[in-house]
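Reviewing the structure listed below.
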Amino acid sequence: MPIFKDRSVLTGITVRQAMQRAFIRMPLAAPIFLCVRQMIKSKVDIVLVDNDQGEPEGVVSKTDIMGAFYAGLPQETCLGDIMMGPVQICWTDEPIEQTLDAMKQSCIHQIYAGVPSERKVLGILSYIDIVGLLYRYCRQCRKSHRYARGPEKENLPRLRAKEVMTTQVMVCKKTDTLYQVMDILSIRKLKAIPIVDEAGLPLGIISKTDLVLAFVHGISPDSPAEDIMNSPVASCGPDVLLSHVILKMFVTDIQHLFVLDSYLERIQGVVSLSDAARFRSGTCRACNASRAFD
Amino acid sequence: MLARNVMDKNFHSLGPGLSITDAVKMFKSAGIAENKKIFGMMVMDSKDRLVGMISMYDILLFIQPKHIRILGEMEDLPAEPLFEGILNRVNNVRVEDLMTTDLIIVGPDTHLIMVMDIMIQKHIRRLPVVENNKVIGIVYRSDLFYHFMETMVDQ
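One line per chain: the protein sequences are A and B, in this order. For the first sequence, our numbering begins at 2 and goes up steadily by one. For the second sequence, our numbering begins at 2 and goes up steadily by one.
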């Protein structure tokens with residue numbers, strides 16, 4: 002019988018149970034624009050690049066494509082020239098907590114799972130899958146707010162956006178060029194950044210997705226940020242429940258929700274879906290996750 | 002019994018650089034012009050060359066939440082306020098980003114039995130008919146269906 006020293010919500014779950022089996026693989030010679038098209042269509046951030054023998058040779062992420070845009074490479078450049086390798090593969094049967102630690106150490110948000118010794122990839126595990134797992138787990142938990150009755154329900158503490166948000170938010174001005182936006186995104190390792198007007202009020206958002214699209218649409222990196230930004234900014238008030246924030250991110254497929262002040266004007270902070278994977282600690286009884294996801 | 006006998010010569014097309022929002026408007030106006038529902042259109046570049054096909058299904062796939070399986074388990078999903086913004090993501094996306102580029106085409110002299118076989122095997126609803134690198138028509142699954150059924154009823 003297995004004995005677990007620290008019991009948490011994720012104890013006993015293997016990578017296989019949480020991973021997504023669908024992932025995108027492309028050959029070394031595929032051009033960047035086809036890769037972007039595939040990423041947009043399948044809503045993925047990374048693509049596995051195979052060599053001629055069909056073995057995984059490297060990975061191309063939106064960050065790598067943004068780098069190619071920055072460097073002025075043509076969009077016909079083949080993936081082999083911009084990919085990162087070798088591919089990190091975890092074992093499908095290892096405990097998920099071990100994989101999470103490995104992901105944290107290598108500062109990656111997604112990891113391929115399969116048989117490492119044979120260089121075989123069977124699926125992909127991302128932080129969002131973990132959040133999804135917790136979400137489903139905690140919704141069924143009998144100790145959760147959903148099942149509580151009477152005064153217990155009223156007194157159950159619940160996390161709100163302002164308690165979990167990151168308060169330091171970088172912004173760009175609408176007149177900044179895409180070069181400047183990409184500089185900040187890559188130096189600060191951000192996925193998206195709000196664009197503000199002269200008075201500092203948020204106008205829109207530029208994510209890496211918008212930048213790779215600008216690349217294949219032939220937009221110059223000298224263009225101002227306001228040309229490609231997505232508006233309005235996906236946002237919520239400071240007192241909104243975290244469970245609602247996470248649900249909103251799942252439904253609208255965004256990974257960042259910006260928290261505005263109580264006048265709903267200025268950006269106070271940001272909640273990211275990947276950060277939510279941090280709520281994995283805690284046993285069922287004192288469940289942080291339960292409070293997070295009701 | 003050839004493709005040219007059932008193809009529709011009045012077809013509509015879209016430019017690859019068109020935004021998805023405009024493409025949806027074109028679907029609607031083409032439907033009104035043809036007096037039937039249009040579920041997919043051919044994408045042609047400025048030189049009238051066929052470069053892809055886009056269907057409503059491609060657009061629906063794009064706007065559906067990626068993690069729909071998690072949401073599917075929830076019976077008490079609050080409907081309205083969450084979905085605002087779900088359509089914002091189409092702002093920067095163009096027809097060329099979502100269109101299918103692996104195209105299957107037929108010639109005007111392709112036999113209808115072959116056309117039917119392609120549609121069934123590949124789950125295709127509409128097939129461009131191309132002659133000398135130029136699109137001359139489109140075969141819809143519904144037209145093919147009525148063509149066969151009417152021949153059968155007449156006999």
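We treat Cβ as the ideally placed atom computed from N, Cα and C, and that holds for glycine. These figures come from a predicted structure and were not determined experimentally.
1. Which residue's Cα is closest to the Cα of HIS218(A): GLY68(A), THR64(A), GLN76(A), LEU123(A)?
2. By alpha-carbon positions, which one of LEU19(B), SER30(B), HIS124(B) ends up nearest to TYR58(B)?
3. Out of ILE139(B), PRO17(B), ILE69(B), PHE28(B), which has the shortest C-alpha to C-alpha gap to LYS48(B)?
4. So which residues on chain B does ILE129(A) lean against when the C-beta distance must stay under 8 Å?
5. List the residues of chain A whose Cβ lies closer than 9 Å to the Cβ of ASN11(B), in chain order.
6. Am I right that ALA215(A) and LEU191(A) are in contact with their C-beta atoms under 8 Å? What's the rounded C-beta distance?
7. Per DSSP, what kind of secondary structure is LEU160(A) in: helix, strand or coil?
8. Indicate whether TYR128(A) and VAL88(A) have their beta-carbon atoms separated by less than 7 Å.
9. State yes or no: is the C-beta of ILE188(A) within less than 7 Å of the C-beta of ALA226(A)?
10. Could you check the C-alpha separation between LEU134(A) and ARG17(A) for me, to the nearest Å?
11. At a CB-CB cut-off below 9 Å, which residues of chain B make contact with ARG38(A)?
12. Do you know how far the Cα of LYS38(B) is from the Cα of VAL131(B)?
13. So LEU80(A) packs on ASN52(A), CB below 8 Å; how close in whole Å?
14. Given that VAL94(B) touches chain A, what residues does it touch there, using C-beta distances under 8 Å?
15. What does a CB cutoff of less than 7 Å around PHE62(A) pick up in its chain, not counting 5 residues either side in sequence?
16. Looking at the C-beta of GLY124(A), does it have a partner C-beta in chain B at a distance below 7 Å?
17. From what residue to what residue does the beta strand (DSSP E) around GLN181(A) run?
18. Find the nearest neighbour of GLN39(A) within the set ILE185(A), ALA149(A), LYS163(A), VAL213(A), judged by alpha-carbon distance.
19. Return the Cβ separation of VAL260(A) and SER244(A) in integer angstroms, given the expectation that the two are a contact with Cβ distance under 8 Å.
20. Leaving out five residues before and five after VAL162(A) in sequence, what residues of the same chain have Cβ atoms less than 8 Å from its Cβ?
21. Going straight from the alpha carbon of HIS148(B) to that of MET115(B), what length do you get?
22. With 7 Å as the threshold, decide whether the Cβ of ASP240(A) is near any Cβ in chain B.
23. For chain B, check one thing: does any of its Cβ atoms lie closer than 7 Å to the Cβ of ASN231(A)?
24. Looking at C-alpha atoms only, which residue of PRO66(B), ALA4(B), VAL25(B) is the closest neighbour of LYS44(A)?
25. Keeping to the same chain, check which residues put their C-beta closer than 8 Å to that of ASP223(A); ignore five residues upstream and five downstream.
26. Candidates GLY86(A), ASP130(A), CYS142(A): which alpha carbon is nearest ARG120(A)'s?
27. Along chain A, in chain order, which residues have C-beta atoms closer than 8 Å to that of ASN133(B)?
Working from what's here:
1. Taking the first residue of the first sequence as position 1, residue 218(A) is located at position 217. The shortest C-alpha separation from HIS218(A) is found at GLN76(A).
2. Indexing the second sequence from 1 puts residue 58(B) at position 57. Comparing Cα-Cα distances from TYR58(B) to each of LEU19(B), SER30(B), HIS124(B), the minimum goes to HIS124(B).
3. Position 47 of the second sequence, counting from 1, holds the residue named residue 48(B). Distances from the alpha-carbon of LYS48(B) to those of ILE139(B), PRO17(B), ILE69(B), PHE28(B) put PRO17(B) closest.
4. Looking up residue 129(A) in the first sequence gives position 128. Ordered by position in chain B, the residues that pass the 8 Å Cβ test against ILE129(A) are HIS68.
5. Within the second sequence, numbered from 1, the residue matching residue 11(B) stands at position 10. Under the 9 Å cutoff, chain A gives no residues; its nearest Cβ is about 29 Å from ASN11(B).
6. Stepping through the first sequence from its first residue, residue 215(A) is reached at position 214. Stepping through the first sequence from its first residue, residue 191(A) is reached at position 190. With a contact defined as Cβ atoms closer than 8 Å, ALA215(A) and LEU191(A) miss out at about 17 Å.
7. Translated into the one-based positions of the first sequence, residue 160(A) becomes position 159. Here LEU160(A) sits in coil by DSSP.
8. Within the first sequence, residue 128(A) is the residue found at index 127, counting from 1. Within the first sequence, residue 88(A) is the residue found at index 87, counting from 1. Cβ atoms of TYR128(A) and VAL88(A): not closer than 7 Å.
9. Residue mapping note: residue 188(A) aligns to position 187 of the first sequence, counting from 1. Residue mapping note: residue 226(A) aligns to position 225 of the first sequence, counting from 1. No, Cβ-Cβ distance for ILE188(A) and ALA226(A) is not below 7 Å.
10. Sequence index remark: in the first sequence, residue 134(A) carries index 133 (1-based). Sequence index remark: in the first sequence, residue 17(A) carries index 16 (1-based). Distance between the alpha carbons of LEU134(A) and ARG17(A): 12 Å.
11. Here residue 38(A) refers to the residue found at position 37 of the first sequence. Result: GLU97, ASP98, LEU99, MET100, THR102.
12. Translated into the one-based positions of the second sequence, residue 131(B) becomes position 130. Translated into the one-based positions of the second sequence, residue 38(B) becomes position 37. Those two C-alpha atoms are separated by around 23 Å.
13. Here residue 80(A) corresponds to residue number 79 of the first sequence, with the count starting at 1. Here residue 52(A) corresponds to residue number 51 of the first sequence, with the count starting at 1. The distance from the Cβ of LEU80(A) to that of ASN52(A) is about 11 Å, inconsistent with a contact at the 8 Å cut-off.
14. Position 93 of the second sequence, counted from the first residue, corresponds to residue 94(B). ILE41, LEU214, listed in chain order.
15. Counting from 1 along the first sequence, the entry for residue 62(A) is found at position 61. Before going on, a small fix: residue 62(A) reads as Ser here, not Phe. Correct list, in chain order: ASP46, ILE47.
16. Start at 1 with the first residue of the first sequence, and residue 124(A) comes out as number 123. Under the 7 Å criterion on CB atoms, GLY124(A) is classed as non-interfacial with respect to chain B.
17. Translated into positions along the first sequence, residue 181(A) becomes position 180. Segment 179 to 188 is the alpha helix (DSSP H) holding GLN181(A); no beta strand (DSSP E) there.
18. Within the first sequence, numbered from 1, the residue matching residue 39(A) stands at position 38. Checked all of ILE185(A), ALA149(A), LYS163(A), VAL213(A); the closest Cα to GLN39(A) is VAL213(A).
19. Here residue 260(A) corresponds to residue number 259 of the first sequence, with the count starting at 1. Here residue 244(A) corresponds to residue number 243 of the first sequence, with the count starting at 1. Between VAL260(A) and SER244(A), the beta carbon gap of about 15 Å keeps them out of contact (Cβ cut-off 8 Å).
20. Looking up residue 162(A) in the first sequence gives position 161. It is Ala, not Val, that sits at residue 162(A) in the sequence shown. Hits under 8 Å: CYS237, GLY238, PRO239, ASP240, VAL241, LEU242, LEU243, VAL246, LEU258, VAL260, GLY270, VAL272.
21. Counted from its first residue, the second sequence places residue 148(B) at position 147. Counted from its first residue, the second sequence places residue 115(B) at position 114. Straight-line Cα distance between these residues: approximately 14 Å.
22. Along the first sequence, one-based indexing puts residue 240(A) at 239. Not one chain B Cβ lies under 7 Å of ASP240(A).
23. As a first step, residue 231(A) is located in the first sequence; it is residue number 230 there, counting from the start. Chain B, which has a Cβ nearer than 7 Å to the Cβ of ASN231(A), makes this yes.
24. Position 43 of the first sequence, counted from the start, is the residue given in the question as residue 44(A). Answer by Cα proximity: PRO66(B).
25. The sequence position of residue 223(A) within the first sequence is 222, counting from 1. Close CB contacts of ASP223(A) within its chain, under the 8 Å cut and outside five residues either way in sequence, are with THR178, LEU179, TYR180 (chain order).
26. In the first sequence, the residue the question calls residue 120(A) occupies position 119. Considering only alpha carbons, the answer is GLY86(A).
27. Within the second sequence, residue 133(B) is the residue found at index 132, counting from 1. Near ASN133(B) there are no residues of chain A at all, since even the closest Cβ is about 27 Å away, more than 8 Å.
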